[in-house]
Structures are given as structure tokens and as C-alpha cells.
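When we follow this note's numbering, the leftmost residue of the sequence shown carries the number 580, and every step to the right adds one. We put the CB at the ideal spot given by N, CA and C, even for glycine.
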Amino acid sequence: MSRILAIANQKGGVGKTTTCVNLGASLAATRRRVLIVDLDPQGNATMGCGVNKNELDASSCDVLLGESLIEETIVALDNGMWLLPGNNDLVAAEVGLLQAEDRERRLRQVLELVRNDFDFILIDCPPSLNMLTINALSAADGVIIPMQCEYYALEGLSSLLETIERVRATVNPRLQVEGLLRTMFDPRNNLANQVAAQLTDHFGDRVYNSVIPRNVRLAEAPSHGLSALQYDKNSRGAVAYLTLAGEIIRRQKKQNAANANQ
Ligand code: ATP
Ligand code: MG
580 MSRILAIANQ
590 KGGVGKTTTC
600 VNLGASLAAT
610 RRRVLIVDLD
620 PQGNATMGCG
630 VNKNELDASS
640 CDVLLGESLI
650 EETIVALDNG
660 MWLLPGNNDL
670 VAAEVGLLQA
680 EDRERRLRQV
690 LELVRNDFDF
700 ILIDCPPSLN
710 MLTINALSAA
720 DGVIIPMQCE
730 YYALEGLSSL
740 LETIERVRAT
750 VNPRLQVEGL
760 LRTMFDPRNN
770 LANQVAAQLT
780 DHFGDRVYNS
790 VIPRNVRLAE
800 APSHGLSALQ
810 YDKNSRGAVA
820 YLTLAGEIIR
830 RQKKQNAANA
840 NQ
């Protein structure tokens, strides 16, 4: 069964796009069929996947506005993933959606058409709780929340959790917090360790055991349009995302087994 995961945090620069591209690449390396959906006008996931956001014939904007077919807009990537690319046109999509009927459900409706073609659909959200993020949450089965373990990390988390709760109560009752992911982690930093411990105290097993370290390869890879796995497969960053992919797959198997026993 396919799983749609939104990667969201309205805080900027916490590792959403890095997680989307590298978790996707790691899942693809285990022969899962993975679609990355770029829903951020910055188009960073698109560029990070090696696709030029300025030369798109059609994008996620056109798909959301009903001006392109999703099947014709998805592009195949070299590493076995697929991408629904996005760029600055998404700013227009956000405005257009505000006037549309079913404005929160547009992404969900189009992803339904291709859902069975993929094992995982990962949606890269913009750093905002706008209509694009609401569309991602409405389409998703789960949310992955990347967090940097710093003083202000927990600030803003409550408004994200409230938004998730509101979407669950209105458009998407199946939505769950899939997991909180500690990113850019530096174990030598005392504050980072304290915040990491606070997160596990507060959210228990919803915090992934896998931790993404601060690793320069993760920052370099997108400038080559590559995942860290393609750029330097032995780097600590690439290995950390492989470990996370393994954890997600194991969790899902456990969940499926529990559901089957119910
Ligand atoms: P935005 O909110 O702007 O979309 P984001 O949450 O998607 O940002 P990223 O773009 O993934 O965050 O990461 C922000 C910056 O930090 C990027 O330059 C990225 O290359 C770098 N970065 C992300 N994760 C790591 C890491 N684990 N180690 C080192 N650098 C990282
Ligand atoms: Mg981003």
C-alpha cells in the first residue's frame, strides 16, 4: 500500500528539503517506488533532484490549478525516483487555490490518480502554514517534522501541531504525526543534547531513533543536483538517511501487522 508523507515545519531551514530528497533516495535504494512532490515556490527539492526549476514545461502549480495532467508532469530521475517539480509559479497557485472550490483538497485529488504507482510519495512543504501546506497535510497519511535541536526549536511546534489537528478534524481524519526527526545534530553541543532529550521526554516514540548529523556532504550534494547517496554514499549524512529509511520501513511493517491483527 502506498504511503503519502508530508515533510513540514513552518520554520525555515530546518532540513525539510534535505530530508525529502535524501529520504526519498534512500527509500528508492531499497527498491521502493518514490515520488517527490515539490510544493515549495523556492523549488529547492526540484533543483536538488537535478531538474532546472527555470526550464519546466509544466509544474506542480499547473497540476494544482488543473492546467496540466499529473501523469504528464511527473518526470523520471536518474536514481529511480520520480519528481513532480515545482517553482516560483506556486505563488500563483496559492492565490488561485484560495478562490477554488475544494481548495484544501486539490493535491489530494490529483495524487489519488497516481497513488497506486508508488510505494512512497514525499511532499516537500514551504516554510509556512499556508494553503500549499494545508493541501499537503490534507493529502498525507503522515507528517514528518524535521527539527533542529536549538533553543527556539519547540517554538512554533505547537502551531504546527494545532494545524495538523485542525486538518485532521476537518478534511483528513487519517492524518498522523509520523515522526519528529532531529536534523543537523551536533552531539558536542550541550544545548542540542538537552533539546533532543526534551523532545523524547515530550513526544516519546514519535521521535525517530535515527538522528541526522550535521554533515557537509548533505549541504554540498544539492549544488550538484544529487542526493548524498549519489554524491558520497559513505558520508555520515547519506548513511543517516539510509538508517532513517530503514526505521520508517520497519515501523510501517509493524503497523501493518498490528492492523492485520485487529
Ligand atoms: P526552507 O524552509 O527554506 O525550505 P528547509 O527546511 O527545506 O529550508 P534545507 O533546505 O533542507 O531546509 O536545509 C537548509 C540548509 O541547511 C541547506 O543549505 C542545506 O544544504 C543545509 N543542511 C540541511 N541539513 C543539513 C545537515 N544535516 N548537515 C549540514 N547541512 C545541512
Ligand atoms: Mg525547503
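The alpha helix (DSSP H) enclosing residue i, as first and last residue numbers
i	result
Phe782	Asn769 to Phe782
Met710	Met710 to Ala718
Val722	Taken as a continuous stretch (DSSP letters only), Val722 belongs to no alpha helix (DSSP H), being part of the beta strand (DSSP E) at Gly721 to Gln727.
Met626	Asn623 to Gly627
Val689	Arg685 to Val693
Cβ neighbour criterion (16 or more within 10 Å) applied to residue i
i	result
Ala732	buried
Thr652	buried
Leu656	buried
Gly591	exposed
Ala836	exposed
Val674	exposed
Asp641	buried
Lys632	buried
Ser737	exposed
Within 8 Å, strictly: CB atoms of residue i and residue j
i	j	result
Arg785	Val756	yes
Asn601	Leu759	no
Val630	Val613	no
Ile791	Arg761	yes
Glu729	Ala771	yes
Gln831	Ala604	no
Leu643	Ala624	no
Pro801	Gly659	no
Pro766	Gly594	no
Leu739	Gln589	yes
Thr742	Leu708	yes
Arg745	Ser717	no
Gly721	Asn667	no
Contact set for residue i: own chain, Cβ-Cβ below 8 Å, skip 5 residues either direction
i	result
Leu618	Ser639, Gly665, Leu669, Leu686, Ile702, Asp703, Cys704, Pro705, Leu711, Thr712, Asn714 and Ala715
Ala719	Ile583, Leu584, Ala585, Ile702, Asn751 and Leu754
Gln688	Asp681
Ala819	Ser789, Val790, Ile791, Pro792 and Asn794
Thr779	Val786
Gln777	Leu733
Ile649	Val642, Leu663, Val689, Leu690, Leu692 and Val693
Limits of the unbroken beta strand (DSSP E) element including residue i
i	result
Gly603	No beta strand (DSSP E) holds Gly603; the alpha helix (DSSP H) holding it covers Lys595 to Ala608.
Asp703	Phe699 to Asp703
Ala585	Arg582 to Ile586
Ile653	Where Ile653 is concerned, there is no enclosing beta strand (DSSP E), given that its DSSP letter is neither H nor E.
Gln678	Per DSSP, Gln678 belongs to no beta strand (DSSP E); it is in the alpha helix (DSSP H), Leu669 to Gln678.
Glu757	Gln755 to Phe764
Val642	Here Val642 belongs to no beta strand (DSSP E); instead the alpha helix (DSSP H) covers Ser639 to Leu643.
Val616	Val613 to Asp617
Leu733	Taken as a continuous stretch (DSSP letters only), Leu733 belongs to no beta strand (DSSP E), as it is neither H nor E.
Leu662	Met660 to Leu663
Cβ-based neighbour list, residue i, same chain, cut-off 6 Å, excluding 5 preceding and 5 following
i	result
Gly816	Asn794, Arg796, Leu797 and Ala807
Thr597	Leu797
Leu821	Ser605
Ile827	none
Other residues of its chain near residue i: CB distance less than 7 Å, five sequence neighbours each side excluded
i	result
Asn695	Ser581
His803	Tyr810
Phe697	Ser581, Arg612, Val613 and Leu614
Asn840	none
Leu677	Met710
heavy atom of the ligand NAP below 7 Å from residue i C-beta
i	result
Gln621	The ligand NAP is absent from the structure shown, which contains only the ligand ATP and the ligand MG.
>> Ignoring anything shorter than 4 residues, give me the alpha helix (DSSP H) runs that lie fully in the region 779-817, in order along the chain.
In response: 795-799 and 807-810
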